[in-house]
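Residue numbers (my numbering), protein chains in the order written: chain A, 37 to 361; chain B, 34 to 391. As structure tokens, the structure follows; a few thoughts come after it.
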């Protein structure tokens, strides 16, 4: 029987509970975390014969770790932990114990609470940097890709200048010139993210702008601004969003590198994983008090690994999705 | 016969439309002097093969051409100059007065937006509906276009619908603001034959119910048959024959129209009957020779066909054709028998002595 012929009895379904559950599912689908199980045309709801793609257990493990780190970062001052800046002359370089789970550093400060506090700057800098890159690079890329012509050339020139400038030199230049507040450090890394993100969004804009739904929007009366925001942006955001976590991993590592050069956020109160690693990186500490560097290194490692892992799964997931269209 | 002065003004009137695309190899003359009138409530079918300029004509009407295109000519909608309106960026004209349905429903819907939202958006933008009003109206529109289970469909994404259903969504979007003119650019090319018929019948019904005018662009004369009031056959950027549908199908004058009709397989043909294709290929549109563009493929071609581009005869609104040796006339018959006798046309196309008559 031809699908087109089938007209079901009820023209207007009432708002039954299943419909609301469906609606909830759609909400998730916007985030593209739950993939539609029904791909076919008119099969009546419910037959789940279509293959459901999953992100997998390890993906969710990574997500749980990231959520824990995010929670700790946000709530650090509220958690029952030692003051991370309190210097205790009695016990420098104490090995891990029940009192100080990760031990103490050269100044007798609690490494566990410092590591937890360190998540604040590391994640904030990483997150802010990638958001900045997404917003600035993303919008430049879309505008350039949509309008083409001279604007595209100008934006492309800026991107290539940014890309060909040695990243570390640029970072050192900025952080050495300005006061090293969290904003400046984040912006530094963010500026480095602009060009790669921008090139990505420009490339996917070029693809989507050729699709007929853009022309369709135009014949329905939409003009440039509306087409960019309502038609292109929702499409371009997906490949960009898939790269957010990967980008954040790079940004967290970049902050660590800056810290190693002594160029991360200034001040004793500003604890970051990178700065902690530097603190414990003296030869004596590395030999006798390995825990001072190993714990922040481990936490940073697991966090970056989780970001990469989750990010990579998401990217894979959407790549296939793109092909499916 | 002359054009009646008392007749109502056409809804859409196109005069001497030319479109050129500059390319590295030279200018492509995609449309070369197309003129037609479309009256309120009528359907005009524009028929032609790929590259005949039919889609470019439609895109010109909808202001969809790339900026590099050079357009000249006059397009008047309800007394207003469409190209001036487009240049001025007039709000609420495209989409409200005239709109278009595209060929491929796979790409003409935004893949990341629910179909209900896509329909509702037009309503909210042009008619200022609230979100919930617009969504309700979207559901009604889906019902109008014969979508099964419209209440469920509004919250689905395009990839969950089949090609035929997607095209229904596209049609619903186009109809949202009750346009007076709908341009359908090969609306059924991308769907299979049974769905084609459903969609064409749907468009026809909607046009009648809503008193819309329609331009139906197709490469398939069969699609135009029975649904169009007037038919314009395009070849190499020109209208080569135009008439009311009956005249065109039963009393055509241009050999190209005749060849197109003859190439359609018939149900009463014997099994394994050889199809009757048009020999040769469509002409290049870069630097076309000053001759009838169809002459190299035409079994009627004579020496004078190669001497210049034949003009469209008659007045706009009448049966017009651009041919020096029209089929079904004495000149045509003479040309055909001369070519048969010689075994070759003036343009060098071999002609079998027997074979289908003119």
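Backbone N, C-alpha and C define an ideal beta-carbon position, used for all residues, glycine too.
At least 3 beta-carbon pairs within less than 8 Å: the region 64-84 of chain B vs the region 120-131 of chain B = no
Whose C-beta lies closer than 7 Å to the C-beta of residue 261 of chain B among residues of the same chain, with five residues either side of it excluded?
-> Counting from 1 along the second chain, the entry for residue 261 of chain B is found at position 228. These residues qualify, in order along the chain: 76, 77, 78, 249 and 278.
Kindly identify the DSSP beta-bridge partner or partners of residue 62 of chain B.
-> Numbered from 1 along the second chain, position 29 holds the residue referred to as residue 62 of chain B. Bridge partners of residue 62 of chain B: B:53.
Between residue 235 of chain A and residue 180 of chain B, what straight-line distance do the alpha-carbon atoms span, to the nearest angstrom?
-> Position 199 of the first chain, counted from the start, is the residue given in the question as residue 235 of chain A. Position 147 of the second chain, counted from the start, is the residue given in the question as residue 180 of chain B. Each residue's alpha carbon lies about 40 Å from the other.
Give every residue of the same chain whose Cβ lies closer than 6 Å to the Cβ of residue 380 of chain B, excluding the five residues on either side of it in the sequence, and list them in chain order.
-> In the second chain, the residue the question calls residue 380 of chain B occupies position 347. Around residue 380 of chain B: 328, 329 and 334.
Return the first residue and the last residue of the alpha helix (DSSP H) that residue 158 of chain A is part of.
-> The sequence position of residue 158 of chain A within the first chain is 122, counting from 1. Counting along the chain, the alpha helix (DSSP H) containing residue 158 of chain A begins and ends at 147-168.
If we count Cβ pairs, one from each stretch, closer than 8 Å, do we get three or more for the region 265-283 of chain A versus the region 199-217 of chain A?
-> no
Does the beta carbon of residue 277 of chain B come closer than 9 Å to any beta carbon on chain A?
-> The residue labelled residue 277 of chain B in the question sits at position 244 within the second chain. Chain A, which has no Cβ nearer than 9 Å to the Cβ of residue 277 of chain B, makes this no.
Which full runs of the beta strand (DSSP E) of 3+ residues lie inside the region 302-332 of chain A, going along the chain?
-> none
At a Cβ threshold of 9 Å, is residue 255 of chain A touching chain B?
-> Translated into positions along the first chain, residue 255 of chain A becomes position 219. For residue 255 of chain A, the answer is yes, since a Cβ of chain B falls inside 9 Å of its Cβ.
Buried/exposed call for residue 319 of chain B, threshold 16 Cβ in 10 Å | The residue you call residue 319 of chain B lines up with position 286 of the second chain. So residue 319 of chain B ends up on the exposed side.
The region 178-193 of chain A touching the region 237-254 of chain A, judged by at least three CB pairs closer than 8 Å | yes
Same chain, Cβ closer than 7 Å to residue 46 of chain B, five either side skipped, listed in chain order | For this step, residue 46 of chain B is matched to residue 13 along the second chain. Hits under 7 Å: 70 and 109.
Please work out which residues of its chain come closer than 6 Å, Cβ to Cβ, to residue 155 of chain A, disregarding the five sequence neighbours upstream and downstream, and give them in chain order.
-> Residue mapping note: residue 155 of chain A aligns to position 119 of the first chain, counting from 1. Cβ neighbours of residue 155 of chain A beyond the five flanking positions: 105, 108 and 109.
If you draw a straight line from the alpha carbon of residue 183 of chain B to that of residue 227 of chain A, how long is it in whole angstroms?
-> For the purposes of this step, residue 183 of chain B is taken as the residue at position 150 of the second chain. For the purposes of this step, residue 227 of chain A is taken as the residue at position 191 of the first chain. Their backbone Cα atoms lie some 47 Å apart in a straight line.
Ordered along the chain, which non-local residues of its own chain (more than five positions away) have a Cβ less than 6 Å from that of residue 348 of chain A?
-> Locating residue 348 of chain A in the first chain gives position 312, counting from the first residue. Excluding residues within five positions, none has a Cβ falling inside 6 Å.
When burial is assigned at 16 or more other CB atoms within 10 Å of the CB, is residue 372 of chain B buried or exposed?
-> The residue labelled residue 372 of chain B in the question sits at position 339 within the second chain. With 16 or more other Cβ atoms within 10 Å, it is buried.
Could you tell me how far apart the beta carbons of residue 102 of chain B and residue 54 of chain B are, in whole angstroms, since I believe they sit closer than 8 Å?
-> Within the second chain, numbered from 1, the residue matching residue 102 of chain B stands at position 69. Within the second chain, numbered from 1, the residue matching residue 54 of chain B stands at position 21. Correct: roughly 6 Å between the Cβ atoms.
Closer than 6 Å by C-beta to residue 351 of chain A: which residues in its own chain qualify, once you throw out the five before and the five after it? Chain order, please.
-> Sequence index remark: in the first chain, residue 351 of chain A carries index 315 (1-based). For residue 351 of chain A, where only same-chain residues beyond five positions count, the Cβ hits under 6 Å are 278.
Who are the Cβ neighbours of residue 269 of chain B in its own chain at under 6 Å, not counting the five residues just before and after it?
-> Reading the second chain from its first residue, position 236 is the one you call residue 269 of chain B. Once the five neighbours on either side are set aside, the close Cβ partners of residue 269 of chain B are 316 and 326.
Could you please give the first and the last residue of the uninterrupted alpha helix (DSSP H) stretch that includes residue 211 of chain A?
-> One-based indexing of the first chain puts residue 211 of chain A at position 175. Here the alpha helix (DSSP H) through residue 211 of chain A covers 203-213.
With residue 277 of chain B as the anchor, note down where its alpha helix (DSSP H) starts and where it stops.
-> Position 244 of the second chain, counted from the start, is the residue given in the question as residue 277 of chain B. Run containing residue 277 of chain B: none in the alpha helix (DSSP H); it sits in the beta strand (DSSP E), 271-277.
When the Cα of residue 167 of chain A is compared with those of A:337, A:225 and A:322, which residue comes out closest?
-> As a first step, residue 167 of chain A must be located in the first chain, where it is residue number 131. Closest by alpha carbon: A:225.
Helix, strand or coil for residue 69 of chain A, going by three-state DSSP, please let me know.
-> Numbered from 1 along the first chain, position 33 holds the residue referred to as residue 69 of chain A. Note that residue 69 of chain A has pLDDT 47, beneath the 50 cutoff, so the model's placement of it is unreliable and the number below is only indicative. Coil at residue 69 of chain A, not helix or strand.
Exposed or buried, what is residue 309 of chain A when buried is set at 16 or more other beta-carbons lying within 10 Å of its beta-carbon?
-> Here residue 309 of chain A corresponds to residue number 273 of the first chain, with the count starting at 1. Buried is the call here.
Report back the beta-carbon spacing between residue 287 of chain B and residue 266 of chain B to the nearest angstrom; my notes put them in contact at under 8 Å.
-> The residue given as residue 287 of chain B occupies position 254 in the second chain. The residue given as residue 266 of chain B occupies position 233 in the second chain. About 7 Å separates the two Cβ atoms, so the contact holds.
Nearest candidate by alpha-carbon position, reference residue 58 of chain B, set B:361, B:357 and B:321 = Taking the second chain and counting its residues from 1, one reaches residue 58 of chain B at position 25. The shortest C-alpha separation from residue 58 of chain B is found at B:321.
Does the separation of the CB atoms of residue 139 of chain A and residue 131 of chain A fall below 9 Å?
-> Within the first chain, residue 139 of chain A is the residue found at index 103, counting from 1. Within the first chain, residue 131 of chain A is the residue found at index 95, counting from 1. Taking 9 Å as the Cβ cut-off, residue 139 of chain A and residue 131 of chain A qualify as a contacting pair.
Quick one: residues in its chain with C-beta nearer than 6 Å to the C-beta of residue 280 of chain B, no 5 flanking neighbours on either side, listed in chain order?
-> As a first step, residue 280 of chain B must be located in the second chain, where it is residue number 247. Closer than 6 Å at the Cβ level, and outside the excluded window around residue 280 of chain B, lie 352.
Taking just the CA atoms, how far does residue 185 of chain A sit from residue 170 of chain A?
-> Locating residue 170 of chain A in the first chain gives position 134, counting from the first residue. Locating residue 185 of chain A in the first chain gives position 149, counting from the first residue. Using only the alpha carbons, I get a separation of about 23 Å.
Can you find a CB in chain A that lies within less than 9 Å of the CB of residue 144 of chain B?
-> Numbered from 1 along the second chain, position 111 holds the residue referred to as residue 144 of chain B. Yes, contact with chain A.
Starting from residue 133 of chain B, follow the beta strand (DSSP E) in both directions and report where the run begins and ends.
-> Here residue 133 of chain B refers to the residue found at position 100 when the second chain is read from its first residue. Start and end: 131-134.
Is it the case that the Cβ atoms of residue 284 of chain A and residue 343 of chain A are separated by a distance below 9 Å?
-> Residue numbering aside, residue 284 of chain A sits at position 248 when the first chain is read from its first letter. Residue numbering aside, residue 343 of chain A sits at position 307 when the first chain is read from its first letter. Yes, these two residues count as a Cβ contact at 9 Å.
Rounded to whole angstroms, what's the CA-CA distance from residue 232 of chain A to residue 280 of chain A? Just pull it up for me.
-> Taking the first residue of the first chain as 1, we reach residue 232 of chain A at position 196. Taking the first residue of the first chain as 1, we reach residue 280 of chain A at position 244. Distance between the alpha carbons of residue 232 of chain A and residue 280 of chain A is about 12 Å.
Any chance you could list the beta strand (DSSP E) runs of at least 3 consecutive residues sitting entirely within the region 193-271 of chain B, in chain order?
-> 214-218, 246-251 and 263-268
Please go through the same chain and pick out, in chain order, the residues whose beta-carbon is closer than 6 Å to the beta-carbon of residue 199 of chain A, but skip the five residues on each side of it.
-> One-based indexing of the first chain puts residue 199 of chain A at position 163. Cβ neighbours of residue 199 of chain A beyond the five flanking positions: 231.
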